[in-house]
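Undergrad: First the structure, which I've put down as C-alpha cells, then a few questions once you've had a look.
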Amino acid sequence: GATDEPAMLDGYGPIPVTMARRLIADGASSFHRVLIDTRDGAPLEIGRTSYRVTKAQRQWLRMRDGKCPFPGCSSASLDNEADHLLAWAHGGATGISNLAQPCPKHHKLRHTTGWTPGPATKTEPPGWISPTGRHYASEQPDWEPPRLPEALTKTGQDRATNRARGEQMVPQQMVLSRDLHSDGDKSDEPLPGRRQPGLLQT
Numbered sequence: 152g153a154t155d156e157p158a159m160l161d162g163y164g165p166i167p168v169t170m171a172r173r174l175i176a177d178g179a180s181s182f183h184r185v186l187i188d189t190r191d192g193a194p195l196e197i198g199r200t201s202y203r204v205t206k207a208q209r210q211w212l213r214m215r216d217g218k219c220p221f222p223g224c225s226s227a228s229l230d231n232e233a234d235h236l237l238a239w240a241h242g243g244a245t246g247i248s249n250l251a252q253p254c255p256k257h258h259k260l261r262h263t264t265g266w267t268p269g270p271a272t273k274t275e276p277p278g279w280i281s282p283t284g285r286h287y288a289s290e291q292p293d294w295e296p297p298r299l300p301e302a303l304t305k306t307g308q309d310r311a312t313n314r315a316r317g318e319q320m321v322p323q324q325m326v327l328s329r330d331l332h333s334d335g336d337k338s339d340e341p342l343p344g345r346r347q348p349g350l351l352q353t
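The numbering of the sequence shown is my numbering, which starts it at 152 and goes up by one.
So this is what it looks like as C-alpha cells:
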C-alpha cells in the first residue's frame with residue numbers, strides 16, 4: 152500500500168492499488184505479505200533441509216508464476232501444485248530457483264512424458280522443453296495495471312458532487328439517441344407493420 156503499483160488478487164490477477172487499499176481498509180483478512188530474506192531480498196531458500204515447500208515459498212511461487220508455467224496453460228496458481236524442477240531424489244533443493252507450480256494436469260504430464268521444465272530463477276518461472284527438443288520460453292503474466300474508464304475511477308466525492316449538481320452518469324449513446332429525436336418528427340412512433348413493445352395490436 153505504500154506505492155501505486157497494482158496489487159495481486161490470487162486467482163484473478165492485478166487489481167488497482169485503490170481497490171487493494173479499500174479491501175484492506177474494509178477488513179479483508181486474506182491479505183498477506185511474502186516473506187523475504189532481509190539481507191538480499193531473496194525469497195526463503197531452505198536447500199536440502201526439507202522436502203516440503205514452506206508457506207512463504209508457496210506465496211512467492213504464486214507471485215512469480217501467477218499461473219501454470221506450461222506453454223499456453225492459464226490455470227490459476229491457487230489450484231496448482233509446487234514441484235521440484237530437479238527432483239529431490241536426484242539432489243534437487245527446496246528453493247525458489249528449483250520450484251515451479253504446474254497445474255495437476257501438467258504436473259502429471261511432466262512426470263509421465265518427455266516434457267521437461269527448463270531452469271527457473273527467483274524472478275522468472277521455468278520454460279519447457281518438448282519431447283522433440285524444442286524450447287518454450289517462460290510465459291510470465293503481464294503485471295501492467297489495468298486501464299479503467301474514467302467514469303469507473305471517479306472517487307465517491309466526485310459522484311457525490313455530481314449528484315448534488317443533479318448530474319447523472321448517462322452513457323453517451325443514450326444522450327445522442329435522445330438528441331436525434333428531439334425535433335418533434337415523431338420518430339418514436341412504431342413503423343407501420345411493426346408492433347410496439349408492450350402494446351397489443353388489433
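Note that CB positions come from ideal geometry on N, CA and C, so glycine has one too.
Please read all numbers here as calculations on a predicted model, not as lab measurements.
Please state the DSSP three-state secondary structure of Val168.
TA: helix
Undergrad: Run through the DSSP bridge pairs and tell me what Tyr202 is partnered with.
TA: Its beta-bridge partners do not exist; DSSP assigns none.
Undergrad: May I ask you to report which of helix, strand or coil DSSP gives Ile197?
TA: coil
Undergrad: Could you pull out every residue in the same chain whose Cβ sits closer than 7 Å to the Cβ of Gly278, ignoring the five residues on either side in sequence?
TA: Closer than 7 Å at the Cβ level, and outside the excluded window around Gly278, lie Gly269, His286, Tyr287, Ala288 and Ser289.
Undergrad: In the DSSP output, what is Thr245 paired with across the bridge?
TA: Its beta-bridge partners do not exist; DSSP assigns none.
Undergrad: Would you call the stretch 207-225 and the stretch 170-180 touching, i.e. three or more CB-CB distances under 8 Å?
TA: no
Undergrad: Which runs of the alpha helix (DSSP H) at least 4 residues long sit entirely within the stretch 224-291? Give them in chain order.
TA: 255-263
Undergrad: What number of angstroms, rounded off, separates the C-alpha of Lys273 from the C-alpha of Arg173?
TA: Lys273 and Arg173 have their C-alpha atoms some 30 Å from each other.
Undergrad: Please report the residue range of the beta strand (DSSP E) in which Ala179 lies.
TA: Taken as a continuous stretch (DSSP letters only), Ala179 belongs to no beta strand (DSSP E), as it is neither H nor E.
Undergrad: Starting from the C-beta of Leu260, find all residues in its chain whose C-beta is less than 7 Å away, skip the five residues before and the five after it, and write them out in chain order.
TA: Trp266
Undergrad: Answer yes or no: do Pro255 and Asp234 have a C-beta to C-beta separation smaller than 8 Å?
TA: No, the pair does not count as a contact, with Cβ atoms beyond the cut-off.
Undergrad: Quick one: residues in its chain with C-beta nearer than 8 Å to the C-beta of Gly243, no 5 flanking neighbours on either side, listed in chain order?
TA: His235, Leu236, Leu237 and Asn249
Undergrad: What's the gap between the Cα of Trp211 and the Cα of Glu301?
TA: 33 Å
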